Structure formats: structure tokens, C-alpha cells
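Novice: Structure provided below as C-alpha cells; questions to follow.
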Amino acid sequence: MSAPAVIAVVGAGSYGTALAIQVARQGREVRLWGRNADAMTQMAEARVNERYMPGCPLPETLQPVPTLQAALDGVEAVIVAVPSHALRETCADVAKHLKAPVPVACAAKGLEPDSRKLPLDVIAEVLGADWPLAVISGPTFAREIGQGMPSAVSIGARDLATGELFADALHGAGFRAYTTDDIVGVQIGGAVKNVLAIGVGIADGLNLGANTRAALITRGLVEMSRLGEALGARSETLMGLSGMGDLVLTCTDDQSRNRRFGLALARGESVDAAMEAIGQVVEGYRVTREVRELALELGIEMPITEQVYQVLYQDVAPVAAVLSLSSRPQRAETE
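Counting in the numbering used here, the sequence shown runs from 5 upward without gaps.
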């Protein structure tokens, strides 16, 4: 499968814009589309996404376009970078404009609300099971990609050629793209880390110290691994960029919306007030419920996830949630 010369990025938020910039750096023609046509026109004129990526100029080969048809006409590959709750609707719109099965990569990190399906399963249902699909995930903040700072991601695809196609499109200029066929592991890591980052944010907001933060991250990785392996993921994937790597990044840096959300909850802000102050989608809020329900369905113990759920959906005070975790019975670490 030859490297695509023309790629469309669907979703002009921070991460979609960052990926579009990175692909364009490699000299490929990139079309970037978002639902706000006026914003796309302004972006094309200003040559910067002022709302989501200020200070990150768009390369010459990146063209924001006002319509989805203009973005997809004649493209050779597509990257979909929208929140998980909007993925199905967005892909249904994409399908209307694609005349042939071009490779599609998903950059959403989460589970579909209510169905609890992984992003690639959602896309396969919309586009068809035989469509060449990949998933992009890893420890990457959009702003740092946009600024050209060294970064690395995992690209998961059942078909090696599809994974390598998107790796070739992104790899270069300090950005490394690794491939794997463990699509479940890549997707589970990207979903669960958002839940755990809220928990760590709560603990840090309560000034519980570095010991607590390290314990939550480490035991959070155990929860991620339990769920991932129950769904068929490989342990080495969950210990890699899209698992442990993304978990550490999201839990420890205030660029993370999920971490900042947890910090705000610890200060006593309501869920609605905290999300409004952040001003962008906090993926971990929705996915906490889905991960918790999936764990219950599979009979998997995820105590950190459970307490984050209690804070978000059952009005349990953050302090009470932490006390509940710290008072659990003694047990062997490997249990």
C-alpha cells in the first residue's frame, strides 16, 4: 500500500489540527475540516487555529476547508479526530462522500456511550468490516505536536500495510510512529487513562502528595491491564506508549483536561462548572461510566475507576472517595 499524497483530517479541534500539521510537515497535501464552516474559513485566512492551537502556524500544504465534501473529494486516506461520542455520526457523514474504501485512521480515545464499543468497532459498523482501518494513540499533547516537539505514538491496525501507511504519513521531524496489530490494547489504553487521570487530579487537588500520585498511577495501570487483557489485549501493548506512556503523561501534566477536571473537583467545583471552565470535551467524564459498566459486565475489579465514578455520578465527596480506596483490605500486590 503506497503512501498517500492527499490526506483529509476530519475534526479541527486541538488534536485533529496537530495531526494535520504533523502530516503536512512531511510534504503531503492535507485538508482539514471542522463542523464550523466560518471558523474553517477564518483559519484558512489566518493560517492558524486561534481557538485550539494558537502559536502553531499551519504549513503551506495544509488547507482548512469549509465543507466535508471538499475535504474528502479524491483523498487517499482519512484521519478522524473527533470525541468518541461523536464518532458514529461523523463516520456516517464521511461515508456519504467516499466513493471507494480508502484507509481510515481513528484518533478518538474512549468508548461509545451506552454501547461501550471501541472506536474501531464503531467505524467498522458504519463503513463496513472490510474497510482498511487503524487507530492512533499515545502520550501526546496536541500543543506540543503543533510546536514540533519530539513525540511518539502507537498506530494499531490488523493489516500491517494500513498501519505502516499512517506511520509513514506521520513519522518524521522528531515525531516517531510505531506500529502494532494489537488494536484492542491501543484503544483500551487510550480510554482508561482518561478515567485514571481524573482520579490522580483529585488526589493532587487534595494535596495528598507524590506517594499517593505514584500509587494511583501504578495501581491504575493494573486496572487498565486487567480490562485490556480480558478483552484480548497484549500486556506489552499496555506497558507501551498507548498504555503506560499515555497514562503517565495524562496523570502528571496540567495540559491534560482530565487531570485539570479532577483538580477542579477537589477544589469543590461541580462537574458542570469544572467542564465549563475547561471549555473543551473532557473525554474521561463520559468514559468513566462506560469503563465502569464494562468492568462490571466482565467481573473485573477496578477500584480506582469505581471511586471516580462515585464522585462523578453519585455525588460522593472526593475526600470520601480517597478514604474508601485507602481503607480497602490488605492483599497481595499481584491479586
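Where a beta carbon is used, it is the ideal one built from N, C-alpha and C, also for glycine.
Predicted model only: the values in this text are computed from it and were never measured.
Report the rounded CA-to-CA distance for Leu-267 versus Glu-93, giving the unit in angstroms.
Specialist: Looking at the two C-alpha atoms, the distance is approximately 32 Å.
Novice: Given that a residue counts as buried once 16 or more other Cβ atoms are within 10 Å of its Cβ, and exposed if not, what is Asn-40?
Specialist: exposed
Novice: Which residue or residues does DSSP assign as beta-bridge partners of Val-14?
Specialist: Trp-37 and Val-84
Novice: What's the C-alpha gap between Val-340 and Asn-211?
Specialist: An answer regarding residue 340 cannot be provided, because it is not within the stretch 5 to 339 covered by the chain.
Novice: In three-state DSSP terms, what is Gln-67?
Specialist: Reduced to three states, the DSSP call for Gln-67 is strand.
Novice: Report the partner residues of Thr-184 according to the DSSP bridge assignment.
Specialist: Gly-160
Novice: Is Ala-270 closer than 7 Å to Gly-209 when the C-beta atoms are compared?
Specialist: yes
Novice: Taking DSSP as the reference, what is the three-state secondary structure of Phe-170?
Specialist: Note: Phe-170 maps to helix in three-state DSSP.
Novice: Quick one: Cα of Met-153 to Cα of Arg-335, how far?
Specialist: 42 Å
Novice: So, at 8 Å on beta carbons, what are the nonlocal neighbours of Val-275 in its own chain, with the 5 sequence-adjacent residues on each side left out?
Specialist: Leu-269, Tyr-289 and Leu-316
Novice: Could you please give the first and the last residue of the uninterrupted beta strand (DSSP E) stretch that includes Leu-137?
Specialist: 137-141
Novice: Given that a residue counts as buried once 16 or more other Cβ atoms are within 10 Å of its Cβ, and exposed if not, what is Lys-100?
Specialist: exposed
Novice: Are Ala-195 and Gly-114 close, meaning C-beta to C-beta below 7 Å?
Specialist: yes
Novice: Quick one: grab the DSSP three-state call for Cys-255.
Specialist: helix
Novice: Reducing DSSP to helix, strand and coil, say where Ala-109 ends up.
Specialist: Residue state, collapsed to three classes: strand.
Novice: Does the distance from the CB of Asp-97 to the CB of Leu-72 come in under 7 Å?
Specialist: yes
Novice: Can you check whether the CB of Ile-127 is closer than 7 Å to the CB of Cys-13?
Specialist: The amino acid occupying residue 13 in the given sequence is Val; Cys does not appear at that position. Result no, Cβ atoms of Val-13 and Ile-127 do not sit closer than 7 Å.
Novice: Taking the alpha-carbon of Asp-163 as reference, which of Glu-49, Met-306, Asp-257 and Asp-186 has the nearest alpha-carbon?
Specialist: Asp-186
Novice: Cβ-heavy atom distance between Ala-324 and the ligand MG below 6 Å?
Specialist: The model depicted lacks the ligand MG and carries no ligand whatsoever.
Novice: Can you grab the Cα-Cα spacing for the pair Gly-142 / Ser-331, in whole Å?
Specialist: 33 Å
Novice: Enumerated in chain order, which unbroken segments of the alpha helix (DSSP H) with a length of 4 residues or greater are wholly contained in the segment 217-272?
Specialist: 239-242, 250-256 and 261-270
Novice: So Gly-38 packs on Gly-15, CB below 8 Å; how close in whole Å?
Specialist: 7 Å
Novice: Among residues of its own chain, excluding the 5 on either side of Lys-103, which ones have a beta-carbon nearer than 8 Å to its beta-carbon?
Specialist: none
Novice: Along the alpha helix (DSSP H) that carries Cys-60, what are the first and last residues, could you check?
Specialist: No alpha helix (DSSP H) holds Cys-60; DSSP gives it neither H nor E.
Novice: Compare the Cα-Cα distances from Asn-198 to each of Ala-48, Val-312, Asp-118 and Trp-135 and report the closest residue.
Specialist: Val-312
Novice: Is the separation between the beta-carbon of Ala-138 and that of Thr-166 shorter than 7 Å?
Specialist: yes
Novice: With 16 as the cutoff for other CB atoms within 10 Å, does Asn-262 come out buried or exposed?
Specialist: With 16 or more other Cβ atoms within 10 Å, it is buried.
Novice: With Ile-308 and Ala-173 assumed to form a contact (beta carbons below 8 Å), what rounded beta-carbon distance in angstroms separates them?
Specialist: Ile-308 to Ala-173, Cβ: 36 Å. No contact.
Novice: Whose C-beta lies closer than 6 Å to the C-beta of Thr-292 among residues of the same chain, with five residues either side of it excluded?
Specialist: The beta carbon of Thr-292 sits closer than 6 Å to those of Val-199, Val-312, Tyr-313 and Leu-316, all from its chain and outside the five residues before and after it, given in chain order.
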